[in-house]
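Chemist: Sharing a structure with you now.
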Amino acid sequence: MLKDVKKTSEMENDFRKNPMLMIDYAYEAITENIILTEAMKEIFDRNTHLIEKIPVGEVLKKMNMFLELDIFSTNFKIIEGLKIWRVVQHYSDEAVRQTRII
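FYI, in full-length UniProt numbering the residues of the sequence shown are 1 to 102.
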């Protein structure tokens with residue numbers, strides 16, 4: 001996973017192949033206390049459009065993992081500041097809104 005990434009280009013290629021890794025890597029950064037480099041943060045931000053390829057239901061399942069985390073941890077604050085977090089939250093909010101309509 002994230003701790004095995006040797007080069008940021010490798011990370012970006014992984015995201016393009018499997019956009020769900022963006023959420024998994026963000027979760028791992030928090031739970032494993034891995035500090036994201038500036039280059040890693042840029043890759044997350046540059047590739048947030050890939051989240052649109054993930055089915056909303058899958059995003060919601062992943063979001064449930066984040067609910068159990070320490071929101072006051074430094075790494076959580078870093079992830080929270082990235083565009084990916086806002087995009088994932090948007091999809092989560094949209095799914096909840098659509099569920100209420102049905």
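Using N, Cα and C, we set each Cβ at its ideal position, and we do this for glycine too.
1. Under 7 Å, do leucine 82 and aspartate 45 count as touching if we go by C-beta distance?
2. Report buried or exposed for glutamate 52, applying the criterion of at least 16 other Cβ atoms within 10 angstroms of its Cβ.
3. What span of residues does the alpha helix (DSSP H) with lysine 7 cover, start to end?
4. Quick check on glutamate 12: buried or exposed, where buried means 16 or more other Cβ atoms within 10 Å of its Cβ?
5. Three-state secondary structure (DSSP) at glycine 57?
6. For proline 55, does the count of other Cβ atoms within 10 angstroms reach 16, so buried, or fall short, so exposed?
7. Excluding five sequence neighbours on each side, which residues of the same chain lie with their C-beta closer than 6 Å to the C-beta of tryptophan 85?
Modeler: Taking the coordinates as given:
1. The sequence position of residue 82 within the sequence shown is 82, counting from 1. The sequence position of residue 45 within the sequence shown is 45, counting from 1. For leucine 82 and aspartate 45, yes; Cβs fall inside 7 Å.
2. By one-based count along the sequence shown, residue 52 stands at place 52. Exposed, because fewer than 16 other Cβ atoms sit within 10 Å of the Cβ of glutamate 52.
3. Walking along the sequence shown from the start, residue 7 turns up at place 7. For lysine 7, there is no enclosing alpha helix (DSSP H), as DSSP marks it with neither H nor E.
4. For this step, residue 12 is matched to residue 12 along the sequence shown. Glutamate 12 should be labelled buried.
5. If you number the sequence shown from 1, residue 57 lands on position 57. Note: glycine 57 maps to helix in three-state DSSP.
6. Walking along the sequence shown from the start, residue 55 turns up at place 55. Answer is exposed; the Cβ neighbour count stays below 16.
7. As a first step, residue 85 must be located in the sequence shown, where it is residue number 85. Once the five neighbours on either side are set aside, the close Cβ partners of tryptophan 85 are Ile79.
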